[in-house]
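Numbering (my numbering), first residue to last: 246 to 816. Glycine included, each C-beta is placed from N, C-alpha and C at the ideal position. Values in this document were obtained by computation on a predicted structure and should not be read as measured data. Have a look at the structure below before the remarks.
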């Protein structure tokens with residue numbers, strides 16, 4: 246199997262070093278460091294030449310150490326967004342792959358190759374020769390790792406792109422064609438892939454249309470991937486079409502339009518949910534992240550987490566680690582969870598640099614007291630930390646929560662009258678206000694905001710009983726017609742809220758209104774300090790309430806809500 250031009254780890258460009266042996270190259274490198282400095286261009290070229298020489302002699306450990314050091318210096322000098330940087334990263338992936346191939350563990354090299362391809366696309370474009378070469382090398386890694394069908398599919402797509410962008414006689418085109426011809430004995434697989442290539446083209450169109458129609462985003466289809474920029478978070482999601490098992494148009498529990506992706510992961514599946522302004526995904530398994538012979542399970546890890554939550558959690562970890570006063574085990578557990586979340590994001594091309602920078606700050610504060618197994622050597626993580634090293638981190642402004650108890654004690658009839666357009670009271674008098682003060686832990690304004698958030702035309706009618714219970718009817722009107730009715734009651738003695746009825750007009754179904762009502766009800770129950778939420782299901786749609794109905798895809802639902810299980814530990 247032949248590598249492309251990106252598989253030469255040296256990145257050689259200084260003719261003086263050509264043909265020199267390792268000892269001469271080392272003396273040349275050391276002389277450059279002494280006379281020119283660590284970051285001088287000639288020093289960097291000499292380091293690349295020395296790395297290449299070790300690579301040629303199959304001393305992959307020395308080659309990797311030098312190339313990794315070279316990458317760190319190139320990022321420092323040129324930044325993470327320079328073509329030389331991504332080329333150096335691709336060369337590092339080649340050495341990393343060769344080392345694991347020699348140890349008969351080539352599958353461990355695939356994440357770095359995938360990051361290299363993603364960075365090549367981001368910086369140089371999908372049709373750049375360096376990107377096409379990196380994709381050819383990635384296909385070679387897939388084949389060595391036993392992922393033959395994925396390898397063939399990648400080779401075929403790269404060949405199509407090489408023929409279109411480079412021409413039939415280009416050396417890289419000939420290399421990719423030779424790689425495919427070497428697999429000619431796998432005739433059945435090639436025929437299956439030919440059929441799948443047609444299916445993938447149709448699937449790519451389906452995904453692109455869904456991004457545009459459902460989320461209003463502008464997707465790009467290239468190189469067997471569908472990529473879409475999400476301006477709200479400053480990231481681009483990149484999906485290999487061959488890994489997409491299914492995409493479903495859906496709504497989140499907050500009522501926002503969403504696309505649910507069932508992503509193939511070997512014999513299993515992995516969830517991905519894309520919104521117009523956010524991405525939701527599953528954290529990585531801790532045994533993939535930690536170097537632990539015994540499986541590690543984070544018992545309270547969320548099955549799904551959003552990109553925005555990831556950044557916030559990374560900041561909280563950094564603050565907790567830096568502040569001290571929190572137990573080492575608690576800080577370590579939080580740090581491990583955030584690291585797993587970031588690893589889950591990286592799977593889909595999300596660079597997550599702000600979260601990485603916050604995590605690194607937290608790690609620097611607590612590394613000496615780390616109470617969990619160590620992290621293994623991870624060049625993917627190393628590159629992300631280098632890319633994030635220059636970021637300016639500004640702590641989020643946390644607004645102080647209003648003392649609701651004090652505000653409740655100060656309530657008057659006038660406070661309820663001010664809310665009449667959104668909250669009605671059947672018999673508003675001093676006795677009702679006194680009952681509110683005695684029962685309710687939140688103000689009527691907050692009660693109304695929680696129940697009617699993002700519900701245009703909503704008005705609630707509330708009743709309170711001195712024995713410790715109450716009820717609320719919510720009506721949503723549009724153009725004088727009722728669009729939805731929600732009836733709920735709450736009992737502080739039983740610490741429970743019950744939804745008695747929920748009716749949505751046919752024309753409003755499938756709009757996300759059901760999920761929005763679900764979310765608002767859960768938030769209200771939590772704010773009232775109630776311990777349970779009960780549904781009197783009178784319609785099949787009621788099963789979508791609470792966490793039991795999300796994601797909506799049955800296979801993803803089963804995956805997300807399965808009990809956490811540790812896989813065999815990593816040596």
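- Counting C-beta atoms within 10 angstroms of its own C-beta, residue 636 has fewer than 16 neighbours from the protein chains shown and is therefore classed as exposed.
- A check of alpha carbon separations from residue 270 across 676, 340, 297 identifies 297 as the nearest.
- Looking at the backbone, the Cα of residue 462 and that of residue 740 are separated by about 43 angstroms.
- Counting along the chain, residue 404 sits inside the alpha helix (DSSP H) bounded by residues 393–410.
- Linking residue 599 to residue 557 through their CA atoms gives a straight-line distance of about 10 angstroms.
- The DSSP assignment places complete beta strand (DSSP E) segments of no fewer than 3 residues inside the stretch 481–551 at 489–496, 502–510, 513–520, 524–526, in order along the chain.
- Judged by DSSP secondary structure, residue 574 falls within the alpha helix (DSSP H) whose first and last residues are 573–591.
- When DSSP states are grouped into helix, strand and coil, residue 467 belongs to the strand group.
- According to the DSSP secondary-structure assignment, residue 720 is paired through a beta bridge with 704, 730.
- Residue 472 carries a strand assignment under DSSP once its states are collapsed to helix, strand and coil.
- Assignment of residue 560 by DSSP, reduced to helix, strand and coil, places it in the helix class.
- Remark: fewer than three beta-carbon pairs, one from each stretch, lie closer than 8 angstroms, so the stretch 338–347 and the stretch 653–664 are not flagged as touching.
- For residue 429, there is no enclosing beta strand (DSSP E), since its DSSP letter is neither H nor E.
- Leaving aside the five residues that flank residue 774 on each side, the residues in its chain whose CB is nearer than 6 angstroms to its CB run, in chain order, 686.
- Taking every protein chain shown into account, the CB of residue 671 has fewer than 16 other CB atoms within 10 angstroms, so this residue is exposed.
- Inter-residue distance for residue 426 and residue 760 is about 52 angstroms (C-alpha atoms, whole angstroms).
- Spanning the alpha carbons of residue 566 and residue 615 requires a straight line of approximately 11 angstroms.
- Taking the Cα positions, residue 355 is about 22 angstroms away from residue 326.
- A check of alpha carbon separations from residue 499 across 295, 727, 699, 290 identifies 699 as the nearest.
- Distance from the CA of residue 692 to the CA of residue 550, rounded to the nearest whole angstrom, comes to 27 angstroms.
- Annotation: residue 745 to residue 667 spans about 21 angstroms, alpha carbon to alpha carbon.
- In the DSSP assignment, residue 746 falls within the unbroken beta strand (DSSP E) covering 741–749.
- Here residue 753 is near residue 729, since their CB atoms are less than 8 angstroms apart.
- Selection 379, 474, 511, 387 evaluated against residue 351 yields 387 as nearest (Cα-Cα).
- The stretch 353–372 and the stretch 322–341 touch, with no fewer than 3 CB-CB distances between them shorter than 8 angstroms.
- For residue 777, the enclosing beta strand (DSSP E) starts and ends at 777–780.
- Around the beta-carbon of residue 777, fewer than 16 other beta-carbon atoms lie within 10 Å, marking it exposed.
- Residue 684 is a Cβ neighbour of residue 709, given a cutoff of 8 angstroms.
- Within its own chain, the residues whose Cβ lies closer than 6 angstroms to the Cβ of residue 716, once the five positions on either side in sequence are excluded, are 708, 734, listed in chain order.
- Less than 8 angstroms divides the Cβ of residue 292 from the Cβ of residue 311.
- Within the stretch 279–327, the complete alpha helix (DSSP H) runs of at least 4 residues fall at 286–301, 305–323.
- For residue 620, the secondary structure class from DSSP, reduced to helix, strand or coil, is coil.
- By the Cβ-count criterion, residue 395 is buried, with 16 or more other Cβ atoms from all chains shown falling within 10 Å of its own Cβ.
- The C-beta distance from residue 518 to residue 529 rounds to 16 angstroms, too long to meet the 8 angstroms contact threshold.
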